[in-house]
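Trainee:
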Amino acid sequence: MAFLDENEVTRRAESLLKHGFPRAAIDVLEVALREEPEAGALWRQRAVLLQREGRPYEAFDNVQRAMMLVPLGHEAMLVLADGYARGGRRVSAADIYSELATDESFPGELWEPLYAGLCTVKRWQAALGFCRRMARERSDDDRVYFAMAHGLGRLGRPPELSLNMIRRAIDLNPCEPRYRVSLAVQLLRMGRADDAYRAIVEISIEALATLSCRCCLHKALQLCIDRGDCLRAATIASQLAVTAAAHAAKQSQGEDL
3 MAFLDENEVT RRAESLLKHG FPRAAIDVLE VALREEPEAG ALWRQRAVLL QREGRPYEAF
63 DNVQRAMMLV PLGHEAMLVL ADGYARGGRR VSAADIYSEL ATDESFPGEL WEPLYAGLCT
123 VKRWQAALGF CRRMARERSD DDRVYFAMAH GLGRLGRPPE LSLNMIRRAI DLNPCEPRYR
183 VSLAVQLLRM GRADDAYRAI VEISIEALAT LSCRCCLHKA LQLCIDRGDC LRAATIASQL
243 AVTAAAHAAK QSQGEDL
């Protein structure tokens with residue numbers, strides 16, 4: 003290749019991504035970068051795609067190459083911060099996340115990874131403030147209110163505040179079982195066991211088998227045992243075993259890296 007047209011490569015990768023072929027898009031970028039290793043925009047794009055595909059260590063390597071050549075942009079900055087956090091450089095990660103959280107131009111569609119990053123580095127106040135801003139911009143996004151409930155709980159705010167946020171999330175998306183089990187857990191903390199059990203009963207057996215929060219599952223299991231609800235207790239116990247095995251496998255993979 004005598005001359006690499008970066009724009010053409012970018013368009014080709016974006017077309018593959020749009021049609022549901024993210025791995026092919028990553029491969030197209032890799033081939034182009036072998037021809038032109040100084041193409042910073044392609045390193046940046048590949049880093050973002052790798053991160054989306056759940057390949058964070060490769061993504062971090064790519065984004066470090068990109069940052070030496072071009073400005074990163076919001077999503078690539080998230081990749082960089084995540085890499086710092088995974089590598090133990092939590093202060094550097096926190097600085098990036100905090101800066102992005104106060105950036106008025108930060109795109110709303112990327113709010114979830116930024117919120118997750120702020121939680122990873124335990125910047126709870128910044129996380130809550132960011133969620134409040136997102137709630138103004140994305141008032142119909144149930145996930146924002148659920149995240150706000152989480153942030154309020156972490157900051158030790160009155161449980162009624164978290165309860166209100168969870169109920170708002172349920173109003174917007176009544177079919178999400180995570181919200182109802184979180185409602186039950188919050189009600190338990192407030193000493194309202196009867197209301198908590200009613201919240202659990204509103205979750206179908208099939209939906210209970212999709213939950214992954216081990217803390218919530220443990221509390222829901224005990225609640226169902228106390229109520230003599232053998233069917234739900236058995237379902238939750240089975241799901242607890244699945245999540246425990248998945249957690250152990252993830253921990254093992256982390257140790258091997």
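Numbering of the sequence shown is given in this note's numbering, commencing with residue 3 and proceeding in unit increments. Ideal Cβ placement from N, Cα and C applies to all residues, glycine included. Computed from a predicted structure; not experimentally measured.
Spatial neighbours of A266 within its chain, please: CB distance less than 6 Å, with the 5 preceding and 5 following residues excluded, ordered by chain position.
Mentor: Since the first residue shown for the chain is 3 and the last is 259, residue 266 is missing from the structure and cannot be characterised.
Trainee: For F148, report the span of its alpha helix (DSSP H) as first-last.
Mentor: 144-156 is the extent of the alpha helix (DSSP H) around F148.
Trainee: Quick check on the DSSP output: the alpha helix (DSSP H) that includes F62 runs from which residue to which?
Mentor: Segment 58-69, the alpha helix (DSSP H) holding F62.
Trainee: Under a three-way DSSP split, which group does N166 fall into?
Mentor: In the structure shown, N166 sits in a helix (DSSP, three-state: H, G or I).
Trainee: In whole angstroms, what is the alpha-carbon distance linking E2 and E101?
Mentor: Residue 2 lies beyond the range of the chain shown here (3 to 259); nothing can be said about it.
Trainee: Among G89, G85, M79, V72, which has the Cα closest to the Cα of L112?
Mentor: Among G89, G85, M79, V72, the Cα nearest to that of L112 belongs to M79.
Trainee: Quick check: what's the CA-CA separation for R169 versus R191?
Mentor: For R169 and R191, the distance between alpha carbons rounds to 16 Å.
Trainee: Using a Cβ-Cβ cutoff of less than 7 Å, which residues in the same chain neighbour P161 once the five nearest sequence positions on both sides are dropped?
Mentor: Same-chain partners within the cutoff: Q188, R191, M192.
Trainee: Would you report the Cα separation of T39 and E114, rounded to the nearest angstrom?
Mentor: One detail in the question is off: residue 39 reads as Pro in this sequence, not Thr. Spanning the two alpha carbons is a distance of roughly 31 Å.
Trainee: List the endpoints of the continuous alpha helix (DSSP H) containing R140.
Mentor: Premise fails: R140 is in no alpha helix (DSSP H) and is neither H nor E.
Trainee: If we require 4 or more residues per run, which alpha helix (DSSP H) segments fall completely within the region 13-46?
Mentor: Runs of the alpha helix (DSSP H) inside the region 13-46: 24-37.
Trainee: Give the DSSP-derived three-state secondary structure of G269 in the structure shown.
Mentor: The question about residue 269 has no answer, for the chain in this structure spans 3 to 259.
Trainee: Please state the DSSP three-state secondary structure of P73.
Mentor: Residue state, collapsed to three classes: coil.
Trainee: Here's the rule I'm using: 16 or more other beta-carbon atoms within 10 Å means buried, otherwise exposed. How should D181 be labelled?
Mentor: Looking at the sequence provided, one finds Tyr at residue 181 rather than Asp. Buried is the call here.
Trainee: In chain order, what residues of the same chain lie with their CB nearer than 7 Å to the CB of L52, ignoring the 5 residues before and after it?
Mentor: Contacts found: I28, E60, A61, N64.
Trainee: Go through the region 76-104 residue by residue and report every complete run of the alpha helix (DSSP H) that reaches 4 residues or more, in order.
Mentor: Correct list: 76-88, 92-103.
Trainee: Where does S184 sit, in a helix, a strand or coil, going by DSSP?
Mentor: S184: helix per DSSP, three-state reduction.
Trainee: Hey, how far is the Cα of Q241 from the Cα of L223?
Mentor: Roughly 10 Å separates the two Cα atoms.
Trainee: When burial is assigned at 16 or more other CB atoms within 10 Å of the CB, is I172 buried or exposed?
Mentor: Buried, because 16 or more other Cβ atoms sit within 10 Å of the Cβ of I172.
Trainee: For F132, which three-state DSSP category applies?
Mentor: In this structure, F132 counts as helix in the three-state DSSP scheme.
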